[in-house]
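Asks:
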Amino acid sequence: MQEKLNLEEMRLPELRKYASTLKIKNASSFRKTDLLQEIKNVLSKQSVVDTPAKKVAEEKEAISDYVVDNKESSEKQVKRKRINNSKIISDAADVAVKEPEQKLSVEKTVTEEKISLNPEAKVPKSEQIIKNKSQKDYNSKDFTFKKKKPWAKDNFVVGKHKEQANVSPQDEILLPFDDIDETRDENGKNIDTIQPAEATSSVEKNNQEKQPVATPQQNNKAHQEFFKLDGVVNAEGVLELVSEGYGFLRSSDYNYINSPDDVYVGQGLIKMFGLKTGDTIECSIRPPRDGEKYFTAVKIINVNGIEAEKIRDRIPFDFLTPLFPSKKFNLTGHPEETLTSRIIDLFSPIGKGQRGLIVAQPKTGKTVILKELANAIAYNHPEVYLIILLIDERPEEVTDMQRSVRAEVIASTFDEPAEKHVKIANIVLEKAKRLVESGHDVVILLDSITRLARAYNTVAPASGKVLSGGVESNALQKPKRFFGAARQIENGGSLTIIATALIDTGSKMDEVIFEEFKGTGNMELQLDRKLSNKRVFPAIDIVASSTRRDDLLMNKDVLQRVWIIRTHLADMNSVEAMEFLQERMRHTKNNEEFLVTMNS
Numbered sequence: 011m012q013e014k015l016n017l018e019e020m021r022l023p024e025l026r027k028y029a030s031t032l033k034i035k036n037a038s039s040f041r042k043t044d045l046l047q048e049i050k051n052v053l054s055k056q057s058v059v060d061t062p063a064k065k066v067a068e069e070k071e072a073i074s075d076y077v078v079d080n081k082e083s084s085e086k087q088v089k090r091k092r093i094n095n096s097k098i099i100s101d102a103a104d105v106a107v108k109e110p111e112q113k114l115s116v117e118k119t120v121t122e123e124k125i126s127l128n129p130e131a132k133v134p135k136s137e138q139i140i141k142n143k144s145q146k147d148y149n150s151k152d153f154t155f156k157k158k159k160p161w162a163k164d165n166f167v168v169g170k171h172k173e174q175a176n177v178s179p180q181d182e183i184l185l186p187f188d189d190i191d192e193t194r195d196e197n198g199k200n201i202d203t204i205q206p207a208e209a210t211s212s213v214e215k216n217n218q219e220k221q222p223v224a225t226p227q228q229n230n231k232a233h234q235e236f237f238k239l240d241g242v243v244n245a246e247g248v249l250e251l252v253s254e255g256y257g258f259l260r261s262s263d264y265n266y267i268n269s270p271d272d273v274y275v276g277q278g279l280i281k282m283f284g285l286k287t288g289d290t291i292e293c294s295i296r297p298p299r300d301g302e303k304y305f306t307a308v309k310i311i312n313v314n315g316i317e318a319e320k321i322r323d324r325i326p327f328d329f330l331t332p333l334f335p336s337k338k339f340n341l342t343g344h345p346e347e348t349l350t351s352r353i354i355d356l357f358s359p360i361g362k363g364q365r366g367l368i369v370a371q372p373k374t375g376k377t378v379i380l381k382e383l384a385n386a387i388a389y390n391h392p393e394v395y396l397i398i399l400l401i402d403e404r405p406e407e408v409t410d411m412q413r414s415v416r417a418e419v420i421a422s423t424f425d426e427p428a429e430k431h432v433k434i435a436n437i438v439l440e441k442a443k444r445l446v447e448s449g450h451d452v453v454i455l456l457d458s459i460t461r462l463a464r465a466y467n468t469v470a471p472a473s474g475k476v477l478s479g480g481v482e483s484n485a486l487q488k489p490k491r492f493f494g495a496a497r498q499i500e501n502g503g504s505l506t507i508i509a510t511a512l513i514d515t516g517s518k519m520d521e522v523i524f525e526e527f528k529g530t531g532n533m534e535l536q537l538d539r540k541l542s543n544k545r546v547f548p549a550i551d552i553v554a555s556s557t558r559r560d561d562l563l564m565n566k567d568v569l570q571r572v573w574i575i576r577t578h579l580a581d582m583n584s585v586e587a588m589e590f591l592q593e594r595m596r597h598t599k600n601n602e603e604f605l606v607t608m609n610s
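Residues 11 to 610 (the numbering used here) are what the sequence shown spells out, left to right.
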């Protein structure tokens, strides 16, 4: 009665500690009333098996003395006292009828005896296993001992139930650890099941085969290695801002539209460096984290080829001073030189900042002329950033242009919607403006501005004011803004735009669009359908082609001779003039030699 009163007066932590000495399973998960009842049941059972338990305790002391002696002196071969415990075990088994039978699976080594305990596994009571016998508390009254086989050095005896050693609990209730719970190491494993650090190679191999399966709670606390990958990889793209204030770096491989390669740029970096839409940014990135979709920029390295710290001092494009082109592009002297580039270089020169318009009828070779201009500029002026923008073109022409020209080719084929045409054109223009603000020379070859104006007319909201040909009154403002961005900047870079315009297509809209752009350019190259029908290429109408203020681009001697040739060709039609020039220029290597031999 006194013992029961003492148990009821004890607190819950003291009861759990006392229950652990009695080897009660899951003592930390019981409530106080349930724990009291469990302790009383165990005490009542132990009172019945008191005499066999004492004998087992004596057997435990003999075994522990042997283990201690064996660890202190491995050289001494002390003979273990053999105790006939078959009678003890049989007596204990007869008395403790209600107790679960416990069978030992023993592994003997020179330095360790290792057994793993799975107390809550769903295994029959007659086949439950106790491991790590060297750490077992032999003072418990419910301990039973099975006679072991003789052992020798470097020989191992494995229990009968080896395959059951890795059985893990399935219905375990996971609760937080209490302060008075079993002692655990840093990884959350019981100290009783920790393997000894010192073992021979053969023991380690055997241990790997008999590793106990970790419980779910141990798996959650398993050590995981994380590698910091922030800033390891650099990325480059063109920035496109959204209305919320952040932006994405678009890739030219996907024509600056949404793609999996996009890089997220936060508002902090955008405000810190004053970034705008169209900035070409090189930055270091990090992988996306949980819940994120894109790679994220962590550090801005360069903006438009300039250090990020200096980019805030740039002047906006609209406040730069435009001038007439004064630096001429050299279109001759490259390996793929043809009469086309020589004639354009002589009669309709192109300078840095030129706003040129190639007026052409269908099938007159305007795309071939653009290709030759691109190859000449790329070869003679590698410092120029060259962009070829193809709007509403055929896919095979896009592939041919990408393979034959050393330039950045951005295309939107005719099977794409008008919204994509407009979006690509806008981001290309913004990119060119940002490069000019940073002092670079940029050339855009556009094919064609007529189809771009058609796309703007398609996406323009209905205003109720429609011009002839079905053109909205405000639809041509944005393509004019695109074409009008070409200029030579005072003490800065330049933006050159050479665009093609279609005429005589049978569409009234194309005629209206051409008339809107007719007087906006400062360089015009006319192509004639009569020449192309006779297979005379280049099909250039020399009399109708010219450049404004060409005196700023050419020497006085060369300019004077060109004027003389123009006077001589003025009385001829386009076919006669081109045949006359081709006959004279084929016998000379370059334009200088042609001008020298002009008097003969």
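Every residue gets a Cβ at the ideal spot worked out from N, C-alpha and C, and that includes glycine. Source: prediction; values computed, not measured.
1. Would a C-beta distance cut-off of 9 Å place aspartate 457 and threonine 377 closer than the cut-off?
2. Leaving aside the five residues before and after phenylalanine 424 along the sequence, list all residues of the same chain whose C-beta is less than 7 Å from its C-beta, in chain order.
3. Go through its chain and collect everything with a Cβ distance to lysine 443's Cβ below 8 Å, but skip five positions before and after it.
4. Are there three or more Cβ pairs, one per stretch, closer than 8 Å when the segment 549-565 is compared with the segment 347-365?
5. Please confirm whether alanine 463 and isoleucine 508 have their CB atoms less than 9 Å apart.
6. Report the partner residues of isoleucine 552 according to the DSSP bridge assignment.
7. Where do the ends of the beta strand (DSSP E) carrying lysine 309 lie?
8. Could you check what DSSP says for serine 422 in three-state terms: helix, strand or coil?
9. Drop a sphere of 10 angstroms on the beta-carbon of valine 313, count the other beta-carbons inside from all chains shown, and report buried for 16 or more, exposed for fewer.
10. Going by other Cβ atoms of all chains shown within 10 Å of its Cβ, with 16 needed for buried, is aspartate 451 buried or exposed?
11. Apart from the five residues on each side of it in sequence, which residues of its chain come closer than 7 Å, Cβ to Cβ, to leucine 477?
12. With burial defined as no fewer than 16 other Cβ atoms inside 10 Å of the residue's Cβ, what is the status of proline 655: buried or exposed?
13. Enumerate in chain order the residues of its own chain whose CB-to-CB distance from valine 568 is below 7 Å, with the five nearest sequence positions on each side excluded.
14. Report the partner residues of isoleucine 507 according to the DSSP bridge assignment.
15. Using 9 Å as the threshold, is the C-beta distance between lysine 362 and glutamine 498 below it?
16. Rounded to a whole number of angstroms, what is the C-alpha to C-alpha distance between serine 440 and arginine 324?
17. Please state if the CB of aspartate 263 and the CB of tyrosine 304 are separated by a distance shorter than 9 Å.
18. Going by other Cβ atoms of all chains shown within 10 Å of its Cβ, with 16 needed for buried, is alanine 307 buried or exposed?
19. State the start and end residues of the unbroken beta strand (DSSP E) segment that holds asparagine 244.
20. With a 10 Å radius around its C-beta and 16 neighbouring C-beta atoms as the bar for buried, classify arginine 594 as buried or exposed.
21. Need the endpoints of the alpha helix (DSSP H) that threonine 460 sits in, please.
22. Kindly indicate which three-state DSSP category tyrosine 256 falls into: helix, strand or coil?
23. Can you look up leucine 439 in the DSSP assignment and give me helix, strand or coil?
24. Can you give me the start and stop residues for the alpha helix (DSSP H) that valine 522 sits inside?
25. Should isoleucine 310 be listed as close to the ligand COA, given that the test is whether its C-beta is under 8 Å from any heavy atom?
26. Under the rule that 16 or more other beta-carbon atoms within 10 Å means buried, what is glutamine 277, buried or exposed?
27. From tyrosine 389 to glutamate 406, what distance separates their C-alpha atoms?
28. Nearest-angstrom Cα distance between leucine 383 and asparagine 265?
29. With H, G and I counted as helix, E and B as strand and the rest as coil, what does DSSP make of glutamine 536?
30. To the nearest angstrom, how far is the alpha carbon of lysine 566 from that of valine 572?
31. Under 9 Å between the Cβ atoms of threonine 530 and phenylalanine 493?
32. Mark glycine 257 as exposed unless 16 or more other C-beta atoms lie within 10 angstroms of its C-beta, in which case mark it buried.
33. When DSSP labels each residue in this structure, what does proline 332 get in the three-state scheme?
34. On the DSSP letters alone, give me the boundaries of the alpha helix (DSSP H) that tyrosine 389 sits inside.
35. Quick one: using the 10 Å Cβ neighbour count with 16 as the cut-off for buried, is proline 298 buried or exposed?
36. Could you have a look at tyrosine 264 and say whether DSSP puts it in helix, strand or coil?
Replies: In short, the structure shows the following:
1. The Cβ atoms of aspartate 457 and threonine 377 lie closer than 9 Å to each other.
2. Excluding sequence neighbours, phenylalanine 424 sits near Asp402, Glu403 and Arg404.
3. These residues qualify, in order along the chain: Gly288, Phe327, Ala495 and Leu505.
4. Taking a contact to require three or more Cβ pairs closer than 8 Å, the segment 549-565 and the segment 347-365 qualify as touching.
5. Their beta carbons are not under 9 Å apart, which means alanine 463 does not touch isoleucine 508 by this criterion.
6. Isoleucine 552 is not bridged to any residue.
7. Boundaries of the beta strand (DSSP E) harbouring lysine 309: 305-313, taken from the DSSP string.
8. In the three-state scheme derived from DSSP, where H, G and I count as helix and E and B as strand, serine 422 is classed as strand.
9. By the 10 Å Cβ count, valine 313 comes out buried.
10. Only buried fits aspartate 451, as 16 or more other CB atoms lie within 10 angstroms of its CB.
11. In its chain, beyond the 5 residues on either side, Ser483 and Val522 have a beta carbon closer than 7 Å to the beta carbon of leucine 477.
12. With the chain covering 11 to 610 only, the question about residue 655 has no answer from this structure.
13. Leu605, listed in sequence order.
14. Arg365 and Ile454.
15. For the pair lysine 362 and glutamine 498, the CB atoms are nearer than the 9 Å cut-off.
16. The sequence as given places glutamate at residue 440; serine does not occur at that position. Cα-Cα distance, rounded: 15 Å.
17. Taking C-beta atoms as the reference points, tyrosine 304 and aspartate 263 fail to come closer than 9 Å.
18. Classified as buried, alanine 307 has 16 or more neighbouring CB atoms from the shown chains inside 10 Å of its CB.
19. Its beta strand (DSSP E) spans residues 243-251.
20. The residue is exposed, with fewer than 16 neighbouring Cβ atoms inside 10 Å.
21. In the DSSP assignment, threonine 460 falls within the alpha helix (DSSP H) that extends over 459-469.
22. The three-state reading of DSSP puts tyrosine 256 in coil, since its state is none of H, G, I, E or B.
23. When DSSP states are grouped into helix, strand and coil, leucine 439 belongs to the helix group.
24. Bounds of the alpha helix (DSSP H) holding valine 522 are 518-527.
25. For the structure depicted, the ligand COA is absent and the ligand set is empty, with no information on it obtainable.
26. Using a 10 angstroms sphere on the CB of glutamine 277, the tally of other CB atoms stays under 16, which defines it as exposed.
27. Taking the straight line joining both Cα atoms gives about 24 Å.
28. Cα to Cα, leucine 383 sits roughly 22 Å from asparagine 265.
29. Strand at glutamine 536.
30. Within the model, the alpha-carbon separation for lysine 566 versus valine 572 is close to 10 Å.
31. Phenylalanine 493 is positioned such that its CB atom lies closer than 9 Å to that of threonine 530.
32. With 16 or more other Cβ atoms from the protein chains shown falling within 10 Å of its own Cβ, glycine 257 counts as buried.
33. In the displayed model, proline 332 falls within a strand according to three-state DSSP.
34. Counting along the chain, tyrosine 389 sits inside the alpha helix (DSSP H) bounded by residues 376-390.
35. The residue is exposed, with fewer than 16 neighbouring Cβ atoms inside 10 Å.
36. In the structure shown, tyrosine 264 sits in a helix (DSSP, three-state: H, G or I).
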